[in-house]
Amino acid sequence: MFLSLLGITFAVSLVVCFVVSKLFARPIKGILERIVANDIAYAWTTYLKFAVYVVGISGGVRIHYLENFLREPTEHFTPPCVDL
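Numbering of the sequence shown is given in this note's numbering, commencing with residue 999 and proceeding in unit increments.
This is the structure:
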């Protein structure tokens, strides 16, 4: 169950990052070409796309929340209930 939740949240985060990256590719490229030189703008655009993926996936896959499914129930901790 844990691995399936991890895989699904990773896949959804990856798809959302891909859509956002494609949606904002031209505006980001246009802004960076005005701010920095054209030859450096391509590199900055690539770095910015990488940052979108890193931040999007790390924010979308909440490992601390998924760790609750691995912990054993104790007196002070009750695992969250997942209603399907």
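The C-beta atom is built at its ideal place from N, Cα and C for all residues, glycine as well.
Values in this document were obtained by computation on a predicted structure and should not be read as measured data.
Endpoints, alpha helix (DSSP H) assigned at residue i
i, result
"Arg1032", "1023–1033"
"Thr1044", "1036–1058"
"Glu1065", "1061–1065"
From the options, residue whose alpha carbon lies closest to that of residue i
i, options, result
"Val962", "Leu1012, Ala1039, Lys1020", "Lying before the first or after the last residue shown, residue 962 is absent from the chain, which here runs from 999 to 1082."
"Phe1016", "Leu1064, Glu1073, Ile1055", "Ile1055"
"Leu1030", "Ser1019, Met999, Leu1021, Thr1043", "Thr1043"
"Glu1009", "Val1059, Leu1064, Lys1020, Ala1035", "Correcting the residue type first, residue 1009 is Ala in the shown sequence and not Glu. With distances taken between Cα atoms, Ala1009 lies closest to Val1059."
"Ala1023", "Tyr1040, Ala1035, Asn1036, Ile1061", "Tyr1040"
"Met999", "Leu1064, Gly1057, Thr1072, Asp1037", "Leu1064"
"Val1014", "Gly1057, Glu1073, Lys1027, Thr1072", "Gly1057"
"Leu1001", "Lys1020, Ile1061, Glu1073", "Ile1061"
Sufficient close CB pairs (3 or more, under 8 Å) joining the segment 999–1010 to the segment 1033–1050: By the C-beta criterion, the segment 999–1010 is judged not to be in contact with the segment 1033–1050, since fewer than 3 inter-stretch pairs fall below 8 Å.
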